[in-house]
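Participant: To start, I am sharing the structure in question, which I have written as structure tokens.
Residue numbers (this note's numbering), protein chains in the order written: chain A, 1 to 331; chain B, 1001 to 1331.
Written as structure tokens, this is what we have:
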């Protein structure tokens, strides 16, 4: 059983996993290169994962390896457990919450070696359709306040398995980072009566120097205050606070721009490790005029070091204008 | 010339270095193992660094390699420049500040291969004395609001050179993370009329399960809400808000506990890469009853991945109670 623990000074929650705890020797071993084991996400090995929650082009819980094009399964080693009741309690002067949540893996395709940029447009549609479907389903569980959808690609970006996959975690608390975004965008809205992200889109499209690519419904650019070289944000041009409210046309346009951006990053940076996360509104919020869902992509090119840990701000050696130009110009 | 840029939503400042910008090919090259070049921090190579600002057991600006035991030099590739005036300006809807600051390197010893834990007690004293001396000197520059002292050890922790060194950066703005700590501890003080860190020390010493080691003036433990496996905090037992106010006795006790903790981490985790940072009060604050300077040490054992980037909270697979027990029991 894991638990949420709160740093009493800064209010940051961490998840401490107590049941599958890692001893010092686990970390030492990890530095050595391990031989690639049998991939639990490849067709034929479906029994190595828990039974699927969602399957495209096949049957749910089906073992027929020849059929599925995408599977969603519970994470075999979840950071949070679905079963159990949500309990808040003190421990001395500290605060903790039982580690309730959902942790799922989206196995994006049967092909072990195809990155998102290599898949067909229709197949990428399925990935974003699966995100939407899972959020809409999990949203019905009233214990959950937030769902984060993210992809770690490459070992340096935290991926333990190389078969293309993404993950989602539903949590009973709203993460601090999300609260910060909501607070910042609300305060802008109260002052200007405009969505700050809509203003950012207008600013970027008018100055153009940080734009990478766009289509009728989405725009991709390197943000003005990029934390890391080649950071990319992808925003819907039309205001919307909840990712899960997007329609099939939006999904098709999102897939198309994501494919384009990931291909460009792969080409310019020689297939770098990367993370992307969907920044979304908390589950129980209604449509919000001040928040605008979007995707943030961070290639893992530099180490986050002491300065960043100690201050929370970042040193970025590549101006976003230069990064955007390099990405814009690549085919 | 670098600049500070502010994320308009979350209020996070980043430093964008525009003069020594890194192109895509720099990142690709970096993945390959480079041969160890001539070390600019080793005795005999003093001319490879800018002239020293501070030298122990030798003469300032001296080229006599046989004499110095510790040198402080300006960073040859500084993130911020000392020369220039501090200008705040807008760029469209965004905010930026000229990249003014100081960026210095503390070359901890002439010995290329000795980690902090391998140095004599007296030599470690010198490192902390140098931190104090540089902060007291830079504090006189009224443009600076904060000084962060940090050490990156090992390539995975962001160190580009393996010769033992630490760094300091003086900034004209108070970092967001520091503001968060000040705000959190002030709000606790307003409620309880006690310093939250003093309370944490009492709590940890009474429960004992997370204590690693202590001496008459300092205590080291794994914090309740550790972000990463084997995170360690070192706090002075007596309240003090400013690191630079510590006396020589404090320094000697601090050196002793830091040596002890770093040796234990090295032994238990096979010399892991790590970062430590001194968490200190902003320069212009008077003595504060609510903030308590301390050191946070984070071994680099797991990758910060999409979940952490997207939410700001962390998944830690090693409970601090187990980490503390392993460190406590090692000689």
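Each residue gets a CB set at the ideal place from its N, CA and C atoms; glycine is no exception.
Remember, it's a predicted structure, so these values are computed and weren't measured experimentally.
Pull up the distance between the alpha-carbon of residue 156(A) and that of residue 287(A), whole angstroms please.
Facilitator: Here residue 156(A) corresponds to residue number 156 of the first chain, with the count starting at 1. Here residue 287(A) corresponds to residue number 287 of the first chain, with the count starting at 1. Residue 156(A) and residue 287(A): Cα-Cα distance of roughly 36 Å.
Participant: Could you check what DSSP says for residue 191(A) in three-state terms: helix, strand or coil?
Facilitator: If you number the first chain from 1, residue 191(A) lands on position 191. Reduced to three states, the DSSP call for residue 191(A) is helix.
Participant: Any beta-carbon of chain A closer than 8 Å to the one on residue 1101(B)?
Facilitator: Start at 1 with the first residue of the second chain, and residue 1101(B) comes out as number 101. No, because no Cβ of chain A sits closer than 8 Å to the Cβ of residue 1101(B).
Participant: Decide if residue 1196(B) is buried, meaning its Cβ has at least 16 other Cβ atoms within 10 Å, or exposed.
Facilitator: Locating residue 1196(B) in the second chain gives position 196, counting from the first residue. Buried: at least 16 other Cβ atoms inside 10 Å.
Participant: For residue 1032(B), which residues in the same chain have their Cβ closer than 8 Å to its Cβ, ignoring the five residues on either side in sequence?
Facilitator: As a working note, residue 1032(B) is residue 32 in the second chain. Here residue 1032(B) scores only 45 on pLDDT, less than 50, and its place in the model is too uncertain to base an answer on.
Participant: For a contact defined as C-beta to C-beta under 7 Å, what are the partners of residue 1180(B) on chain A?
Facilitator: If you number the second chain from 1, residue 1180(B) lands on position 180. Per Cβ cutoff of 7 Å: 10.
Participant: Do residue 267(A) and residue 330(A) have their C-beta atoms closer together than 8 Å?
Facilitator: Position 267 of the first chain, counted from the first residue, corresponds to residue 267(A). Position 330 of the first chain, counted from the first residue, corresponds to residue 330(A). Yes, they are a contact pair.
Participant: Within its chain, find whatever has a CB closer than 7 Å to the CB of residue 138(A); leave out the 5 residues flanking it on each side and keep chain order.
Facilitator: Within the first chain, residue 138(A) is the residue found at index 138, counting from 1. Once the five neighbours on either side are set aside, the close Cβ partners of residue 138(A) are 102, 144, 147, 170.
Participant: Helix, strand or coil: how does DSSP classify residue 245(A) here?
Facilitator: Looking up residue 245(A) in the first chain gives position 245. Helix.
Participant: Kindly list, in the order they appear in chain A, the residues whose Cβ is closer than 7 Å to that of residue 1203(B).
Facilitator: Locating residue 1203(B) in the second chain gives position 203, where the first residue counts as 1. Under the 7 Å cutoff, chain A gives 92, 93.
Participant: Could you pull the DSSP bridge partners for residue 105(A) from this structure?
Facilitator: Taking the first chain and counting its residues from 1, one reaches residue 105(A) at position 105. As a beta-bridge residue in DSSP terms, residue 105(A) pairs with 73(A), 167(A).
Participant: Quick check: what's the CA-CA separation for residue 2(A) versus residue 208(A)?
Facilitator: One-based indexing of the first chain puts residue 2(A) at position 2. One-based indexing of the first chain puts residue 208(A) at position 208. Their backbone Cα atoms lie some 46 Å apart in a straight line.
Participant: Indicate the three-state DSSP secondary structure (helix, strand or coil) for residue 325(A) in the structure shown.
Facilitator: Within the first chain, the letter at position 325 stands for residue 325(A). DSSP places residue 325(A) in helix when its eight states are reduced to three.
Participant: Just the chain B side, please: which residues come within less than 8 Å of residue 6(A) by C-beta, in chain order?
Facilitator: In the first chain, the residue the question calls residue 6(A) occupies position 6. In chain order: 1225.
Participant: Tell me which same chain residues have a C-beta within less than 6 Å of the C-beta of residue 213(A), skipping the five on either side of it?
Facilitator: Stepping through the first chain from its first residue, residue 213(A) is reached at position 213. Same-chain partners within the cutoff: 220, 260.
Participant: Kindly give me the distance between the Cβ atoms of residue 1086(B) and residue 1100(B), rounded to whole angstroms, as I take these residues to be in contact under 8 Å.
Facilitator: Numbered from its first residue, the second chain carries residue 1086(B) at position 86. Numbered from its first residue, the second chain carries residue 1100(B) at position 100. With 8 Å as the limit, residue 1086(B) and residue 1100(B) qualify as a contact, their Cβ atoms being about 5 Å apart.
Participant: Let me know the secondary structure DSSP gives residue 33(A) once reduced to three states.
Facilitator: Residue mapping note: residue 33(A) aligns to position 33 of the first chain, counting from 1. Low confidence applies to residue 33(A): its pLDDT is 47, below 50, so where it sits in the model is not reliable, and the reading given next is rough at best. In this structure, residue 33(A) counts as coil in the three-state DSSP scheme.
Participant: With the cut-off set at 8 Å, would you say residue 1112(B) and residue 1165(B) are in Cβ contact?
Facilitator: As a first step, residue 1112(B) must be located in the second chain, where it is residue number 112. As a first step, residue 1165(B) must be located in the second chain, where it is residue number 165. With a cutoff of 8 Å on beta-carbon distance, residue 1112(B) and residue 1165(B) are scored as not near each other.
Participant: Taking C-beta to C-beta, are residue 317(A) and residue 300(A) nearer than 8 Å?
Facilitator: Along the first chain, one-based indexing puts residue 317(A) at 317. Along the first chain, one-based indexing puts residue 300(A) at 300. No; because the gap between Cβ atoms is not below 8 Å, this pair is not in contact.
Participant: Looking only at C-alpha atoms, which of 1255(B), 1098(B), 1253(B) sits nearest to residue 1173(B)?
Facilitator: Taking the first residue of the second chain as position 1, residue 1173(B) is located at position 173. Residue 1173(B) has its Cα closest to that of 1098(B), out of 1255(B), 1098(B), 1253(B).
Participant: Quick one: list the residues of chain A neighbouring residue 1303(B), beta-carbon separation under 7 Å, in chain order.
Facilitator: Reading the second chain from its first residue, position 303 is the one you call residue 1303(B). Going along chain A in sequence order, the residues near residue 1303(B) (Cβ under 7 Å) are 156, 157, 158.
Participant: Pick out the complete alpha helix (DSSP H) segments inside the region 200 to 283 of chain A, 4 residues or longer, and give them in chain order.
Facilitator: 248 to 268
Participant: Under DSSP, the beta strand (DSSP E) around residue 1406(B) begins and ends at which residues?
Facilitator: Residue 1406(B) is absent from the structure shown; chain B starts at 1001 and stops at 1331.
Participant: Give the interface partners of residue 184(A) over in chain B, defined as CB-CB distance under 8 Å, in chain order.
Facilitator: Counted from its first residue, the first chain places residue 184(A) at position 184. Within 8 Å Cβ-Cβ: 1008, 1009, 1010, 1011.
Participant: Look at the alpha carbon of residue 1130(B) and the alpha carbon of residue 1106(B), and state the distance between them as a whole number of angstroms.
Facilitator: Your numbering for residue 1130(B) matches position 130 in the second chain. Your numbering for residue 1106(B) matches position 106 in the second chain. Approximately 8 Å, taken between the alpha carbons.
Participant: Got a sec? Which residues, its chain only, sit under 6 Å from residue 1337(B) by beta carbon, not counting five neighbours each side?
Facilitator: With chain B represented from 1001 up to 1331, any question about residue 1337(B) goes unanswered, as that position is not in the structure.
Participant: Select from 1068(B), 1270(B), 1049(B) the residue whose C-alpha is nearest the C-alpha of residue 1055(B).
Facilitator: Within the second chain, numbered from 1, the residue matching residue 1055(B) stands at position 55. Of the listed residues, the one whose Cα sits closest to residue 1055(B) is 1068(B).
Participant: Assign residue 1158(B) to buried or exposed, taking buried as 16 or more other Cβ atoms, counted over all protein chains shown, within 10 Å of its Cβ.
Facilitator: As a working note, residue 1158(B) is residue 158 in the second chain. Buried is the call here.
Participant: Is residue 1230(B) near residue 1323(B), with beta carbons less than 8 Å apart?
Facilitator: In the second chain, the residue the question calls residue 1230(B) occupies position 230. In the second chain, the residue the question calls residue 1323(B) occupies position 323. A contact, by the Cβ cut-off of 8 Å.
Participant: Buried or exposed: residue 1303(B), going by 16 or more other Cβ atoms within 10 Å of its Cβ?
Facilitator: Locating residue 1303(B) in the second chain gives position 303, where the first residue counts as 1. Buried, by the Cβ-count rule.
Participant: With residue 1134(B) as the anchor, note down where its alpha helix (DSSP H) starts and where it stops.
Facilitator: Stepping through the second chain from its first residue, residue 1134(B) is reached at position 134. Segment 1121 to 1138, the alpha helix (DSSP H) holding residue 1134(B).
Participant: Taking 8 Å as the threshold (C-beta atoms), are residue 1075(B) and residue 1108(B) in contact?
Facilitator: For the purposes of this step, residue 1108(B) is taken as residue 108 along the second chain, with counting starting at 1. For the purposes of this step, residue 1075(B) is taken as residue 75 along the second chain, with counting starting at 1. No. Outside cutoff.
Participant: Just grab the DSSP bridge partners of residue 357(A) for me.
Facilitator: Nothing about residue 357(A) can be reported from this structure: the residues present for chain A run from 1 to 331 only.
Participant: Just to check my reading of the structure: residue 275(A) and residue 128(A) have Cβ atoms closer than 8 Å, yes? What is that Cβ distance to the nearest angstrom?
Facilitator: Working through the first chain from its first residue, we reach residue 275(A) at position 275. Working through the first chain from its first residue, we reach residue 128(A) at position 128. Rounded, the Cβ-Cβ distance is 17 Å, inconsistent with contact.
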